Amino acid sequence: MKNWVDPEAKAEAERYENPIPSRKLILDTIEQQKTALSHADFVEHFEIADQKSIEALSHRLIAMVRDGQLMKDGFKFQLATEQPTHEATVYINSKGMGTANISGHDDLMLPERELRQVFNGDRVKVRQTSVDRKGKAWGFITEVLQHRVKEIIGKVSVHDGEYFIQPALPNAHQPITLEKELIEHAKVNLGDSVRVAIDTYPTKDEFATGHIVQSMADKADTEIIIPQTILEFGLPYEFPEEVIQEAESFKEPTAQDREGRIDLRDLPLVTIDGEDARDFDDAVFAEKRAGGGYRVVVAIADVSHYVRVGKPLDDEAQERGTSVYFPHFVLPMLPEALSNGLCSLNPDLDRLCMVCDLKLSRAGRVTSYEFYPSVMHSQARLTYTDVAQYFDGDSQAVPENRDVRKSLNTLFQLYQVLKGLRAERSAMEFETVETYMTFDELGGIKEILPRSRNEAHKLIEECMLLANVAAADYALKNEIPMLYRVHEPPEFSRIQKVRDYVKLLGMNFPEQPTQADYQAVIEATKDRIDAPSIHAVLLRSMMQAYYGPNNAGHFGLAYEAYTHFTSPIRRYPDLLLHRAIKAQLKQKPYPISGAQLDAAGEHFSQTERRADEASRSVTTWLKCHYMQQHLGEEFTGIVSAVAEFGLFVTLKDLYVDGMIHVSQLGDDFFVFDQPSQSLIGQSRGQTFSLGDEVKIKVAGVSLEDRKIDFALLQQLTHAGRVVRSRAPRTAKPTQRGEVKPAPRSDTKEEVFSDRANTKVSEDGERPFRKKKDKSKPSSFGAKPAKKPSNKSEAKTKDKVKKKAKVKKKKSNAKAKTE
19 MKNWVDPEAK AEAERYENPI PSRKLILDTI EQQKTALSHA DFVEHFEIAD
69 QKSIEALSHR LIAMVRDGQL MKDGFKFQLA TEQPTHEATV YINSKGMGTA
119 NISGHDDLML PERELRQVFN GDRVKVRQTS VDRKGKAWGF ITEVLQHRVK
169 EIIGKVSVHD GEYFIQPALP NAHQPITLEK ELIEHAKVNL GDSVRVAIDT
219 YPTKDEFATG HIVQSMADKA DTEIIIPQTI LEFGLPYEFP EEVIQEAESF
269 KEPTAQDREG RIDLRDLPLV TIDGEDARDF DDAVFAEKRA GGGYRVVVAI
319 ADVSHYVRVG KPLDDEAQER GTSVYFPHFV LPMLPEALSN GLCSLNPDLD
369 RLCMVCDLKL SRAGRVTSYE FYPSVMHSQA RLTYTDVAQY FDGDSQAVPE
419 NRDVRKSLNT LFQLYQVLKG LRAERSAMEF ETVETYMTFD ELGGIKEILP
469 RSRNEAHKLI EECMLLANVA AADYALKNEI PMLYRVHEPP EFSRIQKVRD
519 YVKLLGMNFP EQPTQADYQA VIEATKDRID APSIHAVLLR SMMQAYYGPN
569 NAGHFGLAYE AYTHFTSPIR RYPDLLLHRA IKAQLKQKPY PISGAQLDAA
619 GEHFSQTERR ADEASRSVTT WLKCHYMQQH LGEEFTGIVS AVAEFGLFVT
669 LKDLYVDGMI HVSQLGDDFF VFDQPSQSLI GQSRGQTFSL GDEVKIKVAG
719 VSLEDRKIDF ALLQQLTHAG RVVRSRAPRT AKPTQRGEVK PAPRSDTKEE
769 VFSDRANTKV SEDGERPFRK KKDKSKPSSF GAKPAKKPSN KSEAKTKDKV
819 KKKAKVKKKK SNAKAKTE
């Protein structure tokens, strides 16, 4: 260890009993060698023999990577180029693994030490440090910009005299510590659910601390899950008083409000929405034109008249970005005075609106359009069911208003034409099953039912698409700065997986597929029993749609330019577009810079994803809660996804997903075959593939992890053929007669989360409300009779131990933490 001279040898000797090469010497050595070096290379070069020094050198190299002095590529270390920092959002999955999601760049993996200082969803600055052997980029957090979580709901726990709250969400990895005196003062018991405000945020060495603001011991889990999710996703909940006052200060439209607007109050405009809808932001009308063709009027609530730039109401709406639709609760973007009041196109009331007035040829092609502010008076509030029944011949399904019925008849005729154009441009129409839930008085699921999309749904969708496409075209022609709705073509790696799979179905799929290629597969397979599974493979190959200032088209809808204009009550990007169009109509510049638009696109894409994830989290939890009453019961299901570790199965009667672990498939060694999306037994050749029908038993449910385990009883069909098979040997009953669940891995959402999260239909329905239940607490201070069954709580107790050790460590751990 003596064949080298360290320029900082004296300083190293003063600090350590057994000095190792200093950071400067390591940097100089790499520069002199002009190549990347591994840990073994350094050990050999510096002739280090004793094990302690070898380990200390390893810790130093890792610390230099962490501090940005070195970069690691596989096993080798090289001089770090000056890597830029990026703003990112932290995402932590249910396994506790974290990534920094950077808009416009590949995500960075974050090591466990970095995750100690953040919660899921926090905004941070990150810098890349290394690339591992699998090609994944890793980084570290240089700065925490914003902690999204302010409060949390969890259950009171104790370990070694330390009290803490463990959040119940599967990706909420950070416990909140509490002072015993605060627990006693709040008069809560061990196991009680409580709402906690965070006092200090975590660091790499310390847990967060907090205090109890509300006991929720008298509420059922089904009542707690939505407020708990709202808090843990950092969703803005209660409107500030000044925002409510501003929203309630507006009056019904006056003569002054109507100035400069085209009066459409005599036009038989109607709204068509779901039965449970409360906010109506679009109304439609159609008529035939003299000489042929159609006129279509799409009237959209003029939210921009009330929500003014720079006002508290606008700041709050911008922060929220979107309304959040939970299964039986809506968290609105705007206060109710506007969302269900002045901005809602309620029947028999004057309402201010922005209109897209289109003229179409007999063939359904847009020949001209214009945008203008207007005042309207809805003639009727119709539902999709009413209108569909009217189209099917039930003349009593809609009001006996001659003008309204004439408009509906024209809309239906036009829809038939537009449907043909949709097929002509090869817009994708996947065969997927949409469901809705009914709830009991306690807020739990009563039933899960399939939702049918009737002709009325599709008619309104086509009208909204007409307006959105016209708005994008208007912005392009007038060079208006705005946010486009972008859906890029699939990446090559995703296409390759689809090609391999489609080839096994006996069809060709090119290396650079168009929408027509996708639609050809959809059409060819739509009548197959396994169509939903096949179409799920196609859908998962899609990129995620996002908002951005640069038009790149919409691949799924097959449009060269697309934007969102039709839902300003529930989407802020639509509101931005309304303002931009109004400015153009007045021949005024729209005061927004490119940098502001970039930031806005990133923000609203992120708030949309946050809303979707929060809603999905609640839905999954409610389904798990629902399936607890079906433990041990048998069902048939369809294999909807295949992974290395098992099969995801969708139950035919309940529309619930669960997983059969690979260890439950039988007495064989199963290997995942990517091209065929199958698990193949290596000894007996038994194969499980997408679309197979299986008989299962509900073996286990974890509310904490939001996972449902199935045990395989029998494979019923494979490749469309009946299979004669016995129950797998691994599915052995316990003493209670139930099948033991196998160890779990990921949920289907996590496995395929990087693949597709785009809505090919960009406008949907809204959910509704319900509530209530009660549960009993355990006695305070009693020691648990056994180890916690709650896996997340057990993990937390391990973390409490580890972090306590970190707190007590002295600085003489030296080289290990350098």
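Quick note, my numbering runs 18 ahead of the 1-based positions in the sequence shown. Using N, Cα and C, we set each Cβ at its ideal position, and we do this for glycine too. Computed from a predicted structure; not experimentally measured.
Report task. Tell me, please, whether the region 569-587 touches the region 429-438 by the rule of three or more beta-carbon pairs shorter than 8 Å. Result -> Touching, no, given that fewer than three Cβ pairs across the two stretches are closer than 8 Å.
Query raised in the report: When you compare only the Cα positions, how much space is there between Lys113 and Asn138?
Result: For the purposes of this step, residue 113 is identified with residue 95 of the sequence shown, where counting begins at 1. For the purposes of this step, residue 138 is identified with residue 120 of the sequence shown, where counting begins at 1. In this structure, the alpha-carbon of Lys113 lies about 12 Å from that of Asn138.
Query - Three CB pairs or more closer than 8 Å across the region 256-274 and the region 148-162 - result: Contact between the region 256-274 and the region 148-162 is absent: fewer than 3 CB-CB pairs across the two stretches fall below 8 Å.
Query raised in the report: If you check the beta carbons only, do Met482 and Ala493 fall under 9 Å apart?
Result: The sequence position of residue 482 within the sequence shown is 464, counting from 1. The sequence position of residue 493 within the sequence shown is 475, counting from 1. Remark: C-beta atoms of Met482 and Ala493 do not approach each other more closely than 9 Å.
Report task. Mind checking which residues open and close the alpha helix (DSSP H) that includes Glu73? Result -> If you number the sequence shown from 1, residue 73 lands on position 55. It spans 69-84 - the alpha helix (DSSP H) in which Glu73 sits, taken as one unbroken run.
Query raised in the report: Could you give the distance in angstroms between the alpha-carbon of Phe60 and the alpha-carbon of Glu26?
Result: The residue you call residue 60 lines up with position 42 of the sequence shown. The residue you call residue 26 lines up with position 8 of the sequence shown. Cα-Cα distance, rounded: 17 Å.
Report task. Count the other C-beta atoms from every protein chain shown that fall within 10 angstroms of the C-beta of Leu467, then say buried if there are 16 or more, exposed otherwise. Result -> Along the sequence shown, one-based indexing puts residue 467 at 449. Leu467 is exposed by the Cβ-count criterion.
Query - Chain-order list of residues whose beta-carbon lies under 6 Å from that of Pro759 (same chain, five-residue window excluded) - result: Here residue 759 refers to the residue found at position 741 when the sequence shown is read from its first residue. Low local confidence applies: a pLDDT of 39 at Pro759 is under 50, so the model's placement there is unreliable, and no value is given.
Query raised in the report: Terminal residues of the continuous alpha helix (DSSP H) containing Ser633?
Result: The sequence position of residue 633 within the sequence shown is 615, counting from 1. For Ser633, the uninterrupted alpha helix (DSSP H) segment begins and ends at 612-645.
Query raised in the report: How about Phe457 and Val636: are their beta carbons less than 9 Å apart?
Result: Here residue 457 is taken as the residue at index 439 of the sequence shown, counted from 1. Here residue 636 is taken as the residue at index 618 of the sequence shown, counted from 1. No, these two residues do not count as a Cβ contact at 9 Å.
Report task. Give the straight-line distance between the Cα atoms of Glu161 and Gln101, rounded to the nearest whole angstrom. Result -> Sequence index remark: in the sequence shown, residue 161 carries index 143 (1-based). Sequence index remark: in the sequence shown, residue 101 carries index 83 (1-based). Distance between the alpha carbons of Glu161 and Gln101: 15 Å.
Report task. Give the straight-line distance between the Cα atoms of Glu442 and Asn569, rounded to the nearest whole angstrom. Result -> Here residue 442 corresponds to residue number 424 of the sequence shown, with the count starting at 1. Here residue 569 corresponds to residue number 551 of the sequence shown, with the count starting at 1. Looking at the backbone, the Cα of Glu442 and that of Asn569 are separated by about 22 Å.
Requested in this report: Have a look at the DSSP bridge pairing and note the partners of Phe158.
Outcome: Here residue 158 corresponds to residue number 140 of the sequence shown, with the count starting at 1. Residue pairing of Phe158 in beta bridges, as defined by DSSP: Arg145.
**Report entry** With 16 other Cβ atoms within 10 Å as the buried cut-off, status of Gln164
**Finding:** Counting from 1 along the sequence shown, the entry for residue 164 is found at position 146. Looking at its Cβ environment, which holds fewer than 16 other Cβ atoms inside 10 Å, Gln164 is exposed.
Query - Sufficient close CB pairs (3 or more, under 8 Å) joining the region 728-742 to the region 701-714 - result: Contact between the region 728-742 and the region 701-714 is present, with at least three C-beta pairs closer than 8 Å.
Query - Burial state of Trp22 (16 or more Cβ within 10 Å) - result: Position 4 of the sequence shown, counting from 1, holds the residue named residue 22. Taking all protein chains in view, the Cβ of Trp22 is surrounded by fewer than 16 other Cβ atoms within 10 Å, so the residue is classified as exposed.
Query raised in the report: Going by alpha carbons, who is nearest to Arg634 out of Ser696, Tyr454, Pro129, Val680?
Result: Along the sequence shown, one-based indexing puts residue 634 at 616. Of the listed residues, the one whose Cα sits closest to Arg634 is Tyr454.
Query raised in the report: To the nearest angstrom, how far is it from the Cα of Ile230 to the Cα of Ala204?
Result: One-based indexing of the sequence shown puts residue 230 at position 212. One-based indexing of the sequence shown puts residue 204 at position 186. Rounded to the nearest angstrom, the gap between the Cα atoms of Ile230 and Ala204 is 7 Å.
**Report entry** His643 versus Glu35 - alpha carbon distance
**Finding:** Along the sequence shown, one-based indexing puts residue 643 at 625. Along the sequence shown, one-based indexing puts residue 35 at 17. His643 and Glu35: Cα-Cα distance of roughly 58 Å.
Requested in this report: Would you give the residue range spanned by the alpha helix (DSSP H) that Asp9 belongs to?
Outcome: Outside the modelled stretch of the chain, which goes from 19 to 836, sits residue 9, for which no answer is possible.
Query raised in the report: Is it right to say Lys7 is buried, meaning 16 or more other beta carbons lie within 10 angstroms of its own, or is it exposed?
Result: What is shown of the chain runs 19 to 836, which leaves residue 7 out entirely.
Query raised in the report: With Thr340 and Arg589 assumed to form a contact (beta carbons below 8 Å), what rounded beta-carbon distance in angstroms separates them?
Result: Within the sequence shown, numbered from 1, the residue matching residue 340 stands at position 322. Within the sequence shown, numbered from 1, the residue matching residue 589 stands at position 571. Yes, Thr340 and Arg589 are in contact; Cβ-Cβ is about 5 Å, under 8 Å.
Query raised in the report: Should Ser623 go down as buried or exposed, given a rule of 16 or more other Cβ atoms within 10 Å for buried?
Result: Here residue 623 refers to the residue found at position 605 when the sequence shown is read from its first residue. Label assigned to Ser623: buried.
**Report entry** Under 9 Å between C-beta atoms of Ile159 and Glu202
**Finding:** For this step, residue 159 is matched to residue 141 along the sequence shown. For this step, residue 202 is matched to residue 184 along the sequence shown. Cβ distance not < 9 Å, so Ile159 and Glu202 don't count as in contact.
Query raised in the report: Pick from Leu249, Gly612, His395, Tyr312: whose alpha carbon is nearest that of Ala319?
Result: Residue mapping note: residue 319 aligns to position 301 of the sequence shown, counting from 1. It is His395.
Requested in this report: Would you be able to state if there are at least three C-beta pairs under 8 Å between the region 89-104 and the region 41-51?
Outcome: Because the criterion of three Cβ pairs below 8 Å is met, the region 41-51 and the region 89-104 touch.
Query raised in the report: On the premise that Gly664 lies in contact with Val680, defined as a C-beta separation below 8 Å, what is that separation, rounded to the nearest angstrom?
Result: Start at 1 with the first residue of the sequence shown, and residue 680 comes out as number 662. Start at 1 with the first residue of the sequence shown, and residue 664 comes out as number 646. Your pair Val680 and Gly664 checks out as a contact, with CB atoms roughly 5 Å apart and the cut at 8 Å.
**Report entry** Close beta carbons around Phe786, own chain, < 7 Å, minus the five adjacent residues each side
**Finding:** Here residue 786 corresponds to residue number 768 of the sequence shown, with the count starting at 1. Residue placement at Phe786 is poorly supported in this model, since its pLDDT is 30, which falls under 50; the coordinates still yield a value, given next. So the list reads Asp294, His346, once near-sequence residues are dropped.
Query raised in the report: Nearest-angstrom Cα distance between Gly655 and Phe666?
Result: Here residue 655 refers to the residue found at position 637 when the sequence shown is read from its first residue. Here residue 666 refers to the residue found at position 648 when the sequence shown is read from its first residue. Taking the CA atoms as reference points, Gly655 sits about 10 Å from Phe666.
Query raised in the report: Roughly how many angstroms lie between the CA atoms of Val314 and Tyr580, to the nearest whole one?
Result: In the sequence shown, the residue the question calls residue 314 occupies position 296. In the sequence shown, the residue the question calls residue 580 occupies position 562. Going by the C-alpha atoms only, they are around 19 Å apart.
**Report entry** Close Cβ partners of Met234 (< 7 Å) along its chain, the five nearest in sequence each way excluded
**Finding:** Taking the sequence shown and counting its residues from 1, the one referred to as residue 234 is at position 216. Within the same chain, Met234 has close Cβ partners Ile171, Ser211, Val212, Arg213, Ile242.
Query raised in the report: Is there contact here, the region 288-304 with the region 396-407, by at least three beta-carbon pairs under 8 Å?
Result: The region 288-304, when compared against the region 396-407, does touch it at the 8 Å Cβ threshold.
Query raised in the report: Helix, strand or coil for Val520 per DSSP?
Result: Reading the sequence shown from its first residue, position 502 is the one you call residue 520. Three-state DSSP puts Val520 in a helix.
Query - N- and C-terminal bounds of the alpha helix (DSSP H) containing Asp275 - result: Residue numbering aside, residue 275 sits at position 257 when the sequence shown is read from its first letter. Segment 273-276, the alpha helix (DSSP H) holding Asp275.
Query - Start and end residues, beta strand (DSSP E) containing Asp150 - result: Your numbering for residue 150 matches position 132 in the sequence shown. For Asp150, there is no enclosing beta strand (DSSP E), as DSSP marks it with neither H nor E.
Query raised in the report: In whole angstroms, what separates the C-alpha of Arg724 from that of Thr638?
Result: For this step, residue 724 is matched to residue 706 along the sequence shown. For this step, residue 638 is matched to residue 620 along the sequence shown. The alpha-carbon atoms of Arg724 and Thr638 are separated by roughly 6 Å.
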